[in-house]
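Notes follow the structure.
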Amino acid sequence: MTKLKLAAALAGLALPAPALAEGSLNLYIWSDYITDAAIERFAAEHDVNVTVDVYDSNETLEARMLAGASGYDVVVPTTDFMARQIAAGVYQPLNRELLPNLVNMNPELMARAARFDPGNEHGVIYMWGTTGIGYNIDMIAERLGEDYEVNSWELVFNPEIAARVADCGISFLDAPTEMLPAAMAYLGLNPESRETADLEAAAELLASVREYVRYFHSSQYISDLANGETCVAVGWSGDVFQAAARAEEAGQGVNVWYAIPKEGAMVWFDMLTIPADAPNPENAHAFINFLMEPDVIAEITNYVWYANGNAASVPLVDPEITGDPAIFPDEETMSHLFTAVTTDARTDRVITRLWTRVRTGQ
Ligand code: N2P
C-alpha cells in the first residue's frame, strides 16, 4: 500500500476504485509453493497490493476456474488439467512482449509443457516435480529392518508391507489422477492408460490397502512428516524435502527422505497462467516476468525444494538441490518417469466414482 492509500485508509476515507493497472494482483497458487520474500519484493518493486490464496488440489482450482469470475490474475494449474481448461477457454494467450524474461526458460522443458499447450501460448513453467514417497528413515528401519531400502511402491501398495508400517502413520495424496497411475505402475500396467479396466484394477489395489492409510490429504503431510506424526506419505517431491528441511531445523532427530519408486513415478509441470477474465492482466504479466528473473526463481527453488524451468537460474540454486537426482532428475531417473494425461469428461466420471470408493473403503 502506498503512503497515500494508507493515510486514506487510516482516515476512513473511501478510496476510489484503483484507476491504475498497477493497483493489485490476486494470486491463486498451491500451498507451500512461494516465499513471502518474493511476494513482498514484487509488491514493493511494482507498487502493487498482492493477495495470495492457496489450494492443494487441481480439482479445487478447476472448479474455481470453470465457475468463472474468480477475480484471480495468476493461477498455477498442472499441465494435464491446464490443457482441458485451455480448451474450455479459461486462460488468455500470453502477451510475449510483456515477458522478455522468457529467454531465461529451459527450451527442452518448455517443449515438454508445449505438449499440453501448443507453442506455450498460455503458460510458463513455474515449478516441476515428481509424485513419490516421503518417509521417516528411522521409523521404517525399525519396522522393516535396517537393510530395507525404500525404492518401490510396495511400501504403500503391498498390503503385507503397508500393514507393518501402518502404526506410525501412512498418508495418501487426495489426488486421484496421481494415485491411480502410481498404483498402475506398481501393478505393471501402463500408468498413462486411462482404460476403465486399468483404472478399476488400480482402485482395487488402493482399496486393498485402505485400512492402513491414516488419511487422504495433499498438504497436511508436510508438517506431519516433519514432526514425526506420520512415517510415510505419498507426496510431491519438494513438499517432502520441505518436511525434511523443517525436521532438520527442529533438531528433534526426525529424519525424512524422498524416494522415486523404481516402478515409475509421475513427473508433472505446474504452469503460470492468466485467467481470461483476470482483472489485472498487466500486473499478471509483470508478475510472471518477475518470476522468470533468475535470482527470484532460484531463491524460491532454494526454499520450496522444487526444480524450476528457468535455465538461467540453475547456477544460483543451492548445489544440494541441483545435485539431487530426486529433485533435478538425471537421464536415468527420467527414464522411469511417466507423465500426467489429460482426461475427458467420461473418464473423469469413472475416476471420481472409483476415488469415492477408495476413500470410503467401500
Ligand atoms: C506444492 C504442491 C505442488 C505440486 N505444495 C503439485 N503439482
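The working numbering applies: residue 1 is where the sequence shown begins, and numbers increase by one. Think of the CB as a built atom: it goes at the ideal place given N, C-alpha and C, for glycine as much as any other residue. Remember, predicted model here, so these are calculated numbers, not experimental data.
Where does residue i sit, in a helix, a strand or coil, going by DSSP?
| i | result |
| --- | --- |
| Asn-227 | helix |
| Pro-275 | strand |
| Thr-131 | strand |
| Met-266 | strand |
| Ile-39 | helix |
| Ala-21 | Bear in mind that a pLDDT of 41 at Ala-21, under 50, signals an unreliable position, so the model cannot answer this. |
| Thr-339 | strand |
| Ser-171 | strand |
| Tyr-28 | strand |
| Asn-104 | helix |
| Gly-238 | helix |
| Arg-346 | helix |
| Ala-182 | helix |
| Asp-138 | helix |
| Asp-198 | helix |
| Ala-326 | coil |
| Asn-283 | helix |
| Ala-233 | strand |
| Ile-125 | strand |
| Tyr-148 | coil |
| Asn-158 | coil |
| Asn-308 | strand |
| Phe-290 | helix |
| Tyr-212 | helix |
| Thr-360 | helix |
| Val-52 | strand |
| Ala-88 | coil |
| Val-76 | coil |
| Ala-259 | strand |
| Gly-251 | coil |
| Ser-313 | helix |
Quick check: is any heavy atom of the ligand N2P less than 6 Å from the C-beta of residue i?
| i | result |
| --- | --- |
| Asp-32 | yes |
| Trp-364 | In this structure the chain extends from 1 to 362, so residue 364 is not present and cannot be described. |
| Trp-355 | no |
| Thr-78 | yes |
| Trp-236 | yes |
| Asp-224 | no |
| Asp-239 | yes |
| Asp-270 | yes |
Quick test of your reading: residue i and residue j, contact by CB under 8 Å. State the CB separation rounded to the nearest angstrom.
| i | j | result |
| --- | --- | --- |
| Val-74 | Ile-274 | 6 Å |
| Tyr-28 | Leu-66 | Wrong, their Cβ atoms sit about 14 Å apart, outside the cutoff. |
| Trp-153 | Phe-269 | Going by Cβ atoms, the distance from Trp-153 to Phe-269 rounds to 22 Å, so no, they are not a contact pair. |
| Val-234 | Leu-173 | 5 Å |
| Asp-138 | Ser-171 | 18 Å between Cβ atoms; not a contact. |
| Met-266 | Thr-356 | Met-266 to Thr-356, Cβ: 21 Å. No contact. |
| Val-90 | Ala-276 | 6 Å |
| Gly-264 | Leu-337 | 7 Å |
Report the rounded CA-to-CA distance for residue i versus residue j, giving the unit in angstroms.
| i | j | result |
| --- | --- | --- |
| Pro-107 | Met-184 | 31 Å |
| Trp-257 | Ser-237 | 10 Å |
| Asp-366 | Pro-181 | Here the chain covers residues 1 to 362 and nothing more, so residue 366 does not appear. |
| Ala-201 | Gly-188 | 11 Å |
| Leu-109 | Arg-346 | 30 Å |
| Met-82 | Thr-360 | 28 Å |
| Thr-352 | Thr-322 | 37 Å |
| Thr-339 | Thr-333 | 13 Å |
| Pro-319 | Ala-141 | 28 Å |
| Phe-290 | Asn-101 | 8 Å |
| Glu-192 | Val-314 | 30 Å |
| Asn-283 | Glu-45 | 12 Å |
| Ser-208 | Val-156 | 11 Å |
| Asn-255 | His-217 | 21 Å |
| Val-50 | Pro-281 | 13 Å |
| Tyr-221 | Pro-279 | 34 Å |
| Asp-47 | Asn-158 | 54 Å |
| Gly-23 | Arg-64 | 23 Å |
| Leu-354 | Glu-178 | 13 Å |
| Ala-175 | Val-341 | 13 Å |
| Ala-250 | Ile-133 | 22 Å |
| Ala-286 | Leu-272 | 12 Å |
| Val-54 | Leu-98 | 26 Å |
| Ala-197 | Leu-25 | 45 Å |
| Lys-262 | Ala-243 | 22 Å |
| Ala-88 | Gly-68 | 11 Å |
| Tyr-148 | Glu-229 | 21 Å |
| Met-292 | Leu-316 | 13 Å |
| Glu-160 | Asn-227 | 26 Å |
Any C-beta of chain C sitting closer than 7 Å to the C-beta of residue i?
| i | result |
| --- | --- |
| Ala-202 | No chain C appears in the structure shown, which is made up of a single protein chain. |
(request) Examine the Cβ distances between the region 211-220 and the region 160-170 and report whether three or more of them are shorter than 8 Å. (result) yes
(request) Please confirm if the region 21-36 is in contact with the region 302-315, defined as three or more CB-CB distances below 8 Å between the two stretches. (result) yes
(request) Count the CB pairs spanning the region 40-49 and the region 286-303 that are closer than 8 Å, and state whether there are at least three. (result) yes
(message) Can you confirm whether the region 114-126 touches the region 82-95 when touching is taken to mean that 3 or more C-beta pairs between the two stretches lie within less than 8 Å?
(response) yes
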